[in-house]
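Right, one structure below, let's go through it.
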Amino acid sequence: MSDDCVFCRISRGELPAKIVLEDEEALAFRDLNPQAPTHLLVIPRRHVESVDALEPSDQALAGHLLLLARKAAREEGLSEAGYRVVANIGSEGGQTVAHLHLHVLGGRPMSWPPG
Ligand code: DGP
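Going by the numbering used here, the letters in the sequence shown line up with residues 341 to 455, in that order.
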């Protein structure tokens, strides 16, 4: 837990967010600055800085986040057409919030490679 981490504060209900799914371990909410018609963020409640900070003991949590991303995508109606799950890591990876999050993007065709 981190007192001033924006995603920890959302997880604790101290900052508003449009939450679409939540459980004891994780939550999914709408990105404030959406890059696609549907843009969700999936985060662990526990403060983990990034995918790169995951430990072998976090295996269950890592899987849980992926399954929550899949569940949220299904509930948003993205599964048939397809969607993208991406994690930005560190400064060159484009990470701006230092709390692990999976972006779930859908509702339009995605291009590759990413910028
Ligand atoms: P990244 O660049 O991968 O670290 O993505 C961080 C995302 O978090 C970015 O798309 C904008 C979003 N974001 C930042 N602050 C907030 C916030 O307070 N609420 C919500 N819902 N999203 C936020």
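From the three backbone atoms N, C-alpha and C, an ideal C-beta is built for every residue, glycine too.
This one's a predicted model, so the numbers in the text were calculated from it and none came from an experiment.
- With a threshold of 7 Å, the Cβ atom of Val444 does not count as near ligand 1, since no heavy atom of the ligand is closer than that.
- Taken atom to atom, the span from the alpha-carbon of Cys345 to that of Glu354 is near 11 Å.
- A Cβ-Cβ contact shorter than 8 Å links Leu445 with His379.
- Each residue's CA atom was taken as its position, placing Ala400 and Ile350 some 22 Å apart.
- Nearest to Asn428 by C-alpha distance, out of Ala393, Leu408, Ser397 and Arg386, is Ala393.
- Under the DSSP definition of a beta bridge, His443 partners with Leu381 and Val426.
- Of all C-beta pairs linking the stretch 352-366 to the stretch 418-438, fewer than three are shorter than 8 Å, placing the two stretches out of contact.
- Here Pro453 is exposed. Its C-beta has fewer than 16 other C-beta atoms within 10 Å.
- Excluding sequence positions up to five before and after Arg448, its CB lies within less than 7 Å of the CB of Ala376 and Pro377, all in the same chain and listed in chain order.
- Checking the DSSP bridge columns, you'll see Glu395 has no partner listed.
- Within a 10 Å sphere around the beta-carbon of Pro384 sit 16 or more other beta-carbons, which makes this residue buried.
- Leu407 is classed as exposed because its beta carbon has fewer than 16 other beta carbons within 10 Å across all chains shown.
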